[in-house]
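Going by the working numbering, the letters in the sequence shown line up with residues 6 to 177, in that order.
Note that CB positions come from ideal geometry on N, CA and C, so glycine has one too.
Remember, it's a predicted structure, so these values are computed and weren't measured experimentally.
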Amino acid sequence: MLGLAIGLVIAIVLLAGLAVHFFVPETRTGTHTITLDGTVEEVWDVYTDPGSLPEWRASVIEIVDLEGEPGQRAWTEVSEHGVRINFRETAFDVPTRYELATASEGYFEGSYFAEFEQVGPKAVRGTFTETLTTNGFRSKLLALLFVRPKQLIEDFAHDAQREINRRSSETQ
């Protein structure tokens, strides 16, 4: 009876692994539009300031190897869990379009697109697209369980809005 139970568990695990391999896409994309309070310049200044991320983004503990001029910068972000993500600016159209190439060695490659539009005196529409392509089964499984592109966009926007408000209150 124990042998049958163990065999059944092994069969379920193998079937689940095959399901992940064949039915979970390697590339996942999320696009989300959010309205942020502020001017397009205030929003731009926060979203394109990677060096300040550890000050206002709870999940980022350090930015390392930040180099280059705005629009051509590259850096590595270190998360609270020790995950290192490399970023490289690929488009920098002040103050409306910002694009990044992203990668975490051995895990994923991706891109991030942000477009900003002033839609009111203190209202900016941000349209964000996050794309993630996983490298291998383990990465695909981890991304399926823990990475939600739309949630990443919303969490970042929430923290960015707090930083926009903080910077705005300092200049008044």
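Around the C-beta of F151, are 16 or more other C-beta atoms found within 10 angstroms, so that it is buried, or is it exposed?
Within the sequence shown, residue 151 is the residue found at index 146, counting from 1. It is exposed - the Cβ of F151 has fewer than 16 other Cβ atoms within 10 Å.
If you run the structure through DSSP and keep just helix, strand and coil, what is D50?
Position 45 of the sequence shown holds residue 50. Correct three-state label for D50: helix.
8 Å Cβ shell around V48 - same chain, five flanking residues per side excluded:
Sequence index remark: in the sequence shown, residue 48 carries index 43 (1-based). Correct list, in chain order: L41, P100, F121, V129, G131, A165 and I169.
Backbone secondary structure at H163 - three-state DSSP
Start at 1 with the first residue of the sequence shown, and residue 163 comes out as number 158. Three-state result, H163: helix.
For S116 and A106, what's the separation of their Cα atoms in angstroms?
Reading the sequence shown from its first residue, position 111 is the one you call residue 116. Reading the sequence shown from its first residue, position 101 is the one you call residue 106. S116 and A106: Cα-Cα distance of roughly 5 Å.
Cross-strand partners of E114 (DSSP beta bridge)
On the sequence shown, position 109 is the one that residue 114 refers to. In DSSP, E114 forms a bridge with A108 and T138.
Helix, strand or coil, according to DSSP, for Q156 in the structure here?
Taking the first residue of the sequence shown as position 1, residue 156 is located at position 151. Q156: helix per DSSP, three-state reduction.
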